[in-house]
Structures are given as structure tokens and as C-alpha cells.
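Structure first, then comments.
Numbering (UniProt numbering), first residue to last: 1 to 138.
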């Protein structure tokens, strides 16, 4: 079974802060996206490859849990892990302090395969996903 996770390190930029000098809650989604893109690129199935394979993968559900605040300049690790791939892609995320490992944020996203040609949602992930991830149907 391949390791279906990837981590990136980021440090929030000044322009990501709200008037209280902490990262505005909406920017967490951007950090998750950066980690998910890096994860999918690791398997050569980032957005350009998805499009070439004939599928779009829209997010249909997202859950966010803010555990602690994230101030300017704090280095954090954003971990993205694929935990489901049979009928949808479910990615779990954890953002933690790079120095102390304290959890700052938890989240998950769910994406479904959308056939670009027909604009119809697939109820089983297409074989190209399993091939790219190196997994088979469960």
C-alpha cells in the first residue's frame, strides 16, 4: 500500500491576517488546497492530468475545525492524506506548529469524479485514479 499523504511547510504571509493580527479563517482553505495540490502532484494526478484524463474533481463537502489561532510568521506543517478513493476522494488534513507539533487546525474535503464530456457525476472513482495512486478497488 503506497503512502497516500504529503506534507508541506508554510508560514502565513502578512496579507493573510485579519484585523486581529491572526490568519483570517478563509485562508485556511488556501493552505489545504496547497497541500492537496502537492499531494496529487506527487502521484502525477494534479489538475492538468485530471483534465487530460477526462475528469474534473469538484469539492462537494468540506469540514473545518479551528483548534488554535495562527499568527503571522508561525511556521506550520500542513499534512494532506487520502483516506478514501473507492467512490470519492476524501482527504484528511492537519495543520500543526512546525516547532511544537501542536495541532492548530483539522479538516477534510470530499471530491467526486465528474466526467467532463458528459458533465455527469461518477459514483465509482474511475480506474485512472486507482492507477495513479497505486491502489485497487477495496
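C-beta atoms are modelled at their ideal positions from N, C-alpha and C, and glycine is treated no differently.
Check, Outcome
"If you draw a straight line from the C-alpha of residue 52 to the C-alpha of residue 12, how long is it?", "33 Å"
"Please report the straight-line C-alpha distance between residue 114 and residue 127, rounded to a whole angstrom.", "13 Å"
"Whose C-beta lies closer than 8 Å to the C-beta of residue 136 among residues of the same chain, with five residues either side of it excluded?", "130"
"For residue 4, which residues from the same chain have a beta carbon less than 7 Å from its beta carbon, with the 5 sequence-adjacent residues on both sides left out?", "81, 82 and 133"
"Mapping DSSP to helix, strand and coil, what is residue 48?", "helix"
"For my contact list, residue 102 and residue 65 are in at a C-beta cut-off of 8 Å; report their separation, rounded to the angstrom.", "Going by Cβ atoms, the distance from residue 102 to residue 65 rounds to 14 Å, so no, they are not a contact pair."
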